[in-house]
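S.K.:
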Amino acid sequence: MKKSVISLAAICCASFLAYGCSTAPKKPLAEKPAPQKQEVQKPVSTPAVSPTTTPSVSEEERLKEIFQRIHFNFDKYNLTHIDKWGINQDVPKVLDGIADYMAKHPDIKIKIEGNCDERGTEAYNLALGQKRADAAKNYLVMHGISPDRIETLSNGKLKPVDPAHNEYAWAKNRNDQFVILNK
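Heads up: the sequence shown begins at 404 in the working numbering, then just goes up one per residue.
1. Whole angstroms is fine: what's the gap from L531's alpha carbon to D478's?
2. Under 8 Å by Cβ, that's how I've got T555 and I515 pegged, so tell me the actual separation to the nearest angstrom.
3. Can you tell which of W573, L584 and A567 has the C-alpha that lies nearest to the C-alpha of I490?
4. From N558 to Y480, what distance separates their C-alpha atoms?
5. Run the CB neighbour count on K496, radius 10 Å, all protein chains shown included, and call it buried at 16 or more, exposed below.
6. Considering Cα atoms alone, identify which of R472, E463 and E462 is closest to N576.
7. Nearest to L498 by CA position, among P566, K562 and A536, is which residue?
8. Which one of H474, Q492 and Y504 has the shortest CA to CA distance from R465?
9. Measure the Cβ-Cβ separation of D510 and N585 and say whether it is below 8 Å.
10. Which residues share a DSSP beta bridge with H484?
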């Protein structure tokens, strides 16, 4: 009798193991994907163009690409490569493209608007926005563009690109925007 109980137990165990191995493993619950870094968004606003001449769609898109916003690190106005908070941008490369375009189009005048995130006092952000606009202007002047063709303005924290209250929004709001004054 003992042998038949042991044999029966062995058969049950073998059957259980065989059944367990033959079924497909359960899939783990889906996890939320990690946030992906995004390239810097192309400029949100279209550069201002003279009402007498309307560029073609391809020319307008080209201008948006060239005169895209440049971004800054928190509390800084230096023109460096940015790779934080979902923004990846080579700021000097963008400014080189603007300088090249302006060199080929000597009739173009621009305004550089310096912007900040919402943190800090109004006076502090107005001063920082001006430093950011002046830094971009100085870069362009050093690359052969006449200072008479470039106006600067600080918006401080008055014109956010993204109204959210988080690091990603603040990073997008720390920028210089380029506006073509004439075409």
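No residue lacks a Cβ here, since even glycine has one placed at the ideal position from N, Cα and C.
M.R.: Concretely, from the data shown:
1. Rounded to the nearest angstrom, the two C-alpha atoms are 8 Å apart.
2. Contact flag correct, Cβ pair sits at about 5 Å.
3. Comparing Cα-Cα distances from I490 to each of W573, L584 and A567, the minimum goes to W573.
4. Rounded to the nearest angstrom, the gap between the Cα atoms of N558 and Y480 is 14 Å.
5. K496 is classed as exposed because its beta carbon has fewer than 16 other beta carbons within 10 Å across all chains shown.
6. Considering only alpha carbons, the answer is R472.
7. The candidate whose alpha carbon is nearest that of L498 is A536.
8. Ranking H474, Q492 and Y504 by Cα distance to R465 puts Y504 first.
9. Yes. Within cutoff.
10. Looking at the DSSP output, H484 bridges to D493.
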